[in-house]
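Worksheet: the structure to be examined is printed underneath.
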DNA sequence: ATGGCTCAGGTTCTGAGA
């Protein structure tokens with residue numbers, strides 16, 4: 001059995017104790033992190049190493065930042081999207097135990113029509129082009145992270161209020177569909193899931209208590225990997241911590 | 001009570017997140 005997971009920790013400096021607790025309770029084969037918000041010199045390699053994990057990291061000051069934590073050492077590590085010049089640290093990829101693991105912190109996009117939305121669209125185009133190549137090179141591939149896209153109205157607590165808003169625009173959903181069209185499957189939707197399953201809840205307005213959230217953190221698997229998937233779940237428990245991240249981890253389980 | 005946030009950087013506030 002293998003487990004892969006993704007978690008937007010919203011500052012690894014703040015969340016490191018929670019990360020170490022989570023890893024102890026959930027011994028995954030690979031975990032990708034988003035929004036570490038650390039420059040590379042401040043990355044807590046020693047603490048993660050002492051927990052029994054290898055780690056690759058790619059950060060910047062204040063914003064963004066990603067990492068790939070794994071039991072086995074990740075090979076052929078790539079940072080950001082080849083062919084897409086980008087000042088922001090958003091992607092880390094590596095091969096772990098024969099599986100290509102790609103972790104992404106997709107741009108937020110702020111609002112349709114904004115410069116940040118245009119950046120998001122350009123980034124998604126670059127990602128799709130690169131992924132087409134990666135899928136040719138790696139039959140077993142998982143793309144996971146904070147996509148900042150709610151693929152369907154089922155993934156939104158109030159689809160009417162969010163219609164056309166950021167994360168829910170037709171353009172973003174079309175990009176998500178194009179990733180699926182490359183031969184990827186949304187692991188969460190392989191299985192029957194409880195309605196109102198979210199991976200993110202706003203810090204404001206008691207959103208978690210009221211279960212008002214979005215499902216924007218995803219695990220996409222290639223055809224070869226899909227055949228091995230036995231479960232996919234969102235772990236809400238860390239959202240109940242004191243000083244939680246606003247995102248919950250998502251975990252996929254595969255048979256050997 | 002019908003409101004209600006949390007980060008980093010830096011400094012008593014701003015920008016960003018989603």
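Residue numbers (UniProt numbering): 1 to 256. Where a beta carbon is used, it is the ideal one built from N, C-alpha and C, also for glycine.
Other residues of its chain near residue 102: CB distance less than 6 Å, five sequence neighbours each side excluded: Reading the first chain from its first residue, position 102 is the one you call residue 102. Taken in chain order, the residues that qualify are 93 and 143.
In whole angstroms, what separates the C-alpha of residue 30 from that of residue 67? Residue numbering aside, residue 30 sits at position 30 when the first chain is read from its first letter. Residue numbering aside, residue 67 sits at position 67 when the first chain is read from its first letter. The straight-line gap from Cα to Cα measures roughly 10 Å.
I need the DSSP call for residue 84, collapsed to helix, strand or coil. As a first step, residue 84 must be located in the first chain, where it is residue number 84. Here residue 84 sits in coil by DSSP.
Are the Cβ atoms of residue 128 and residue 83 separated by less than 8 Å? Locating residue 128 in the first chain gives position 128, where the first residue counts as 1. Locating residue 83 in the first chain gives position 83, where the first residue counts as 1. The answer is no: Cβ separation not under 8 Å.
CA-CA distance, residue 85 and residue 79? The residue given as residue 85 occupies position 85 in the first chain. The residue given as residue 79 occupies position 79 in the first chain. So the alpha carbons of these two residues sit roughly 11 Å apart.
Straight-line gap, residue 134 to residue 214 (C-alpha atoms, nearest Å): Your numbering for residue 134 matches position 134 in the first chain. Your numbering for residue 214 matches position 214 in the first chain. Rounded to the nearest angstrom, the two C-alpha atoms are 28 Å apart.
What does the alpha-carbon distance come out to for the pair residue 176 and residue 107? On the first chain, position 176 is the one that residue 176 refers to. On the first chain, position 107 is the one that residue 107 refers to. So the alpha carbons of these two residues sit roughly 13 Å apart.
What is the residue span of the beta strand (DSSP E) that residue 47 lies within? Walking along the first chain from the start, residue 47 turns up at place 47. It is not in any beta strand (DSSP E) - residue 47 instead sits in the alpha helix (DSSP H) that spans 45-50.
Residue 235 to residue 179 span [Cα, whole Å]: As a first step, residue 235 is located in the first chain; it is residue number 235 there, counting from the start. As a first step, residue 179 is located in the first chain; it is residue number 179 there, counting from the start. So the two alpha carbons sit approximately 24 Å from each other.
According to the neighbour-count rule (16 or more other Cβ atoms, all chains shown, within 10 Å of its Cβ), is residue 191 buried or exposed? The residue you call residue 191 lines up with position 191 of the first chain. Answer is exposed; the Cβ neighbour count stays below 16.
Bridge partners of residue 185, per DSSP? In the first chain, the residue the question calls residue 185 occupies position 185. Residue 185 is bridged to 221.
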